[in-house]
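Report on the following structure.
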Amino acid sequence: MEQKRLTLPNKPELLKSLGAGEGNWRGEWPKGGRFRKHPLLAALVFIPVFVLRAGGRTKSEPHKEGPRESVCLLLLPEQNSLLSMALQERQEPDVYQENFEPTSYLEYYRMNQDPVGDEVLHFLLKHYNATFKPGGLEGKLLIDIGSGPTIYQFLSACESFQEIIATDYTDKNLQELEKWLKKMPGAFDWSPVVKYVCELEGNRDKWAEKEERVRRAVTQVLKCDVLKERPLEPAVLPPADGLISSLCLEAACPTPQACRDALRHLRTLLRPGGHLVLSGGFETTFFMVGDKRFSTLPLNEKFLREALQEAGFIIEKLEKVTRAAETHLDNRSDYTGLFFLVARRGD
Ligand SMILES: C[S@@+](CC[C@H](N)C(=O)[O-])C[C@H]1O[C@@H](n2cnc3c(N)ncnc32)[C@H](O)[C@@H]1O
């Protein structure tokens, strides 16, 4: 019978990807976890893994820390397909689909009413404005990755890109975006934020026109999963001139390796020489949305620089700010600062 070679992540990664997580991904075995439901899968996965790993190491050899190892297995086709199904399946429960409530998240974005939201908005909007002002980045297609239910990230870009595609992992976020785009009842009121951006651009009175411009520019709202090799499949899009993504990678990626992979996946959506505009929090381990807690991957500048370079990007600008003293008492998230960077696809 034909056998296929497959490179596996090391044991902790494998455990995580199969459902034993920490926080929402980490910690104890989930109740009704995949292995409890599929003892056959457990046997298929662990027996060869442990046999092969034990074979490569004597009992007395200390457990190695440092660079992650991987093992190469020879699997039968049925083992291979079960394993790849399990690896592709997302962790249980699907925390974003189930727990991320867009209307609760939008509470952060009530301008002048939420110091954490204001801190994020002031920093990001200033840099979006500088990035997309006349003479800055421009082009035909801009894709936003992990838009959530928010549109603030389009307010400057809509002036210099002809078409914007919004994307997110959860259906509820996409519906919330549609609500605003189609002016449906109950849509979030972005007007204070739109006025603020118009003021940055020197045209506060033009805010209603700016809202219409965003509505015209956003032509599609699509599903996205940055953990997939093709994050937007089944959609097929032309290579984008620009990608933006705010506060998404640290939320979406359970491990540093997943984040490196996600950057590599995002690169495939860009044309050669196109730009990635990436922003987020530093050292964040969690954030709250209403009463739901979301674990995040703590990012730092060194990691970002290395991961971007490894994924084939050249950083052109990296701005950062330390968290303001006034927001430190707010315990809905533990970010220590914010970053905003522009990187070019380096080919
Ligand atoms: C903290 S919110 C950021 C939303 C918005 N970009 C902003 O700036 O406020 C994180 C977003 O990442 C999305 N997300 C989670 N997992 C994802 C994945 N695997 N692929 C793409 N987006 C994901 C969530 O649905 C959520 O909308």
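Note that full-length UniProt numbering numbers the sequence shown so that position 260 is 260, with each residue one more than the last. Positions of the beta carbon are idealized from the N, C-alpha and C atoms, including for glycine. A quick note: this is a predicted structure, and the numbers were derived from the prediction, not measured.
Taking a contact to mean a Cβ-Cβ separation below 8 Å, would you say L269 touches A307 in this structure?
Mapped onto the sequence shown, residue 269 falls at position 269. Mapped onto the sequence shown, residue 307 falls at position 307. Cβ distance not < 8 Å, so L269 and A307 don't count as in contact.
Which ranges would you report for the alpha helix (DSSP H) in the segment 181-206 if only whole runs of at least 4 residues count?
191-200
Range covered by the beta strand (DSSP E) that runs through G117
By one-based count along the sequence shown, residue 117 stands at place 117. G117 -> not in any beta strand (DSSP E); alpha helix (DSSP H) instead, spanning P115 to F132.
Do you know whose CA, among L243, C259, S191 and T150, lies nearest A208's CA?
To locate residue 208, count along the sequence shown from 1; it is residue 208. With distances taken between Cα atoms, A208 lies closest to S191.
Return the chain-ordered ranges of every alpha helix (DSSP H) run that is complete within the segment 210-248 and spans a minimum of 4 residues.
none
If you draw a straight line from the alpha carbon of P185 to that of E178, how long is it in whole angstroms?
Numbered from 1 along the sequence shown, position 185 holds the residue referred to as residue 185. Numbered from 1 along the sequence shown, position 178 holds the residue referred to as residue 178. So the alpha carbons of these two residues sit roughly 11 Å apart.
Which of the three DSSP states is assigned to T296 in this structure?
Along the sequence shown, one-based indexing puts residue 296 at 296. T296: coil per DSSP, three-state reduction.
Using DSSP's beta-bridge definition, name the partner residues of A307.
The residue labelled residue 307 in the question sits at position 307 within the sequence shown. Bridge partners of A307: none, in fact.
Considering only the alpha carbon of each residue, which of R323, R344, V197 and N99 lies closest to H127?
On the sequence shown, residue 127 is found 127 positions in, with the first residue counted as 1. Nearest of R323, R344, V197 and N99 to H127, Cα basis: V197.
Shortest alpha-carbon distance to G202 belongs to which of P134, R215 and D189?
Stepping through the sequence shown from its first residue, residue 202 is reached at position 202. Among P134, R215 and D189, the Cα nearest to that of G202 belongs to P134.
Provide the residue span of the alpha helix (DSSP H) that contains P272, from first to last.
The residue you call residue 272 lines up with position 272 of the sequence shown. That residue, P272, is in no alpha helix (DSSP H); its beta strand (DSSP E) goes L270 to F282.
Does the beta-carbon distance from A311 to R260 come in below 8 Å?
In the sequence shown, counting from the first residue as 1, residue 311 sits at position 311. In the sequence shown, counting from the first residue as 1, residue 260 sits at position 260. In contact: A311 and R260 (Cβ atoms closer than 8 Å).
Proximity test, L247 beta-carbon vs ligand 1 heavy atom, cut-off 7 Å:
In the sequence shown, residue 247 corresponds to position 247, counting from 1. The answer is yes for L247.
Exposed or buried, which one is P149 when buried takes at least 16 other CB atoms within 10 Å?
Here residue 149 refers to the residue found at position 149 when the sequence shown is read from its first residue. P149 is buried by the Cβ-count criterion.
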